[in-house]
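Residue 1 is where the sequence shown starts when you use full-length UniProt numbering, and the numbers rise one by one after that. For every residue, glycine included, the Cβ atom is placed at its ideal position computed from N, Cα and C. Being a predicted model, the structure only gives us computed values, none of them experimental.
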Amino acid sequence: MSVPDDEVRDVPRAHEVLEHELVYRGRVWDLARDVVDLGDSQVVREYVAHTGAVAVIALDDDDRVLLLSQYRHPARHVLWEPPAGLRDVEGEDPVTTAARELAEEADLVAGRWWRLVEFFTTPGGSTERITVFLARDLTPVAEHDRFDRTDEEATMVPVWVPLDEALAGVLGGRFASPTTTIGVLAAAAARADGWASLVPVDPASATEG
């Protein structure tokens, strides 16, 4: 079977859900079980019902990307990741969430924003979808307006890594976080294209997405 190149793309499609059960209600996300009609068969699928998230590839004037060290208990690793956070404020546009997370986790405000890339983290087992933004023209948050970080966020260490070095780290296996891996690869590809493919966005004028 041959498919034209311009038709090779992901498309939304929802099979009929015959039964839906909330198996477990968690503090942050839930576990659900569906009986799904595939047409010629019915299957049971369990998955994490996730709010979704955002991440920010923040680049300074020297094309260095900001990474933060954060302990991720399920992975049993301290990972180097870009600023990121859950879409847990109802009605908040993703870029607005991204701007808030950049301020809270990195004490930074960006003057320019672009939508960089979007992906499902685990499409076979979770509804989580992450939108990654590129942020530039960075300035620090005023000292008296800075967020009081707690828990794992309290121990995060920021580093500025040249984008080329971050790319080498991704390809060399030094970084395993999906937001770092995909965000850095996307940023490097966009830079190689002269940033022409990126769509600008504005947190100040954003509407719900």
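Can you tell me whether residue i is buried or exposed? The criterion is at least 16 other CB atoms within 10 Å of its CB, across all chains shown.
i: T97; result: buried
i: A196; result: exposed
i: T150; result: exposed
i: V11; result: exposed
i: D5; result: exposed
i: L38; result: exposed
i: A84; result: buried
i: P74; result: exposed
i: P162; result: exposed
i: A192; result: exposed
i: S177; result: buried
With respect to the alpha helix (DSSP H) encompassing residue i, which residues constitute its N-terminal and C-terminal limits?
i: E101; result: 94-106
Helix, strand or coil for residue i, going by three-state DSSP, please let me know.
i: R64; result: strand
i: E16; result: coil
i: T122; result: coil
i: S205; result: helix
i: D5; result: helix
i: A58; result: strand
i: D34; result: strand
i: V89; result: coil
i: S69; result: strand
i: G111; result: strand
Using only CA atoms, which one of the options lies nearest to residue i?
i: T122; options: E101, L198, A49, F175; result: A49
i: W160; options: R115, A14, S69, R45; result: S69
i: T127; options: R25, A32, H144, L66; result: A32
i: T139; options: A99, L38, V201, L167; result: A99
i: A166; options: T155, I182, V157, M156; result: I182
i: V43; options: V17, P82, D61; result: V17
i: V28; options: T51, D37, E19, H15; result: T51
i: S41; options: V56, H15, D62; result: H15
i: W114; options: E104, D137, L108; result: D137
i: R87; options: V78, E101, H77; result: E101
i: L67; options: P178, A53, V157; result: V157
i: G26; options: R112, E7, Y47; result: Y47
i: P200; options: D193, A135, P178, G172; result: A135
i: E90; options: D202, G194, A53, P82; result: A53
i: D63; options: D164, S177, F175, G194; result: D164
i: D107; options: F119, H144, E118; result: H144
i: L198; options: D60, R72, R112; result: R112
i: V117; options: P94, V78, D61, A168; result: P94
i: D202; options: V78, H20, V109; result: V109
i: E104; options: V65, A190, P82; result: P82
How would you write the range of the beta strand (DSSP E) that residue i sits in, first residue to last?
i: P140; result: 129-140
i: V28; result: From DSSP, V28 is part of no beta strand (DSSP E); its letter is neither H nor E.
i: H77; result: 77-81
i: V11; result: Looking at the DSSP string, V11 is not in any beta strand (DSSP E), and its letter there is neither H nor E.
Please determine whether the Cβ atom of residue i lies at a distance below 8 angstroms from any heavy atom of the ligand ATP.
i: A196; result: Questions concerning the ligand ATP fall outside what the structure shown contains, since it holds no ligand whatsoever.
*Along the chain, which unbroken stretches of the alpha helix (DSSP H) at least 4 residues long are found entirely within the segment 143-204?*
163-171, 178-192
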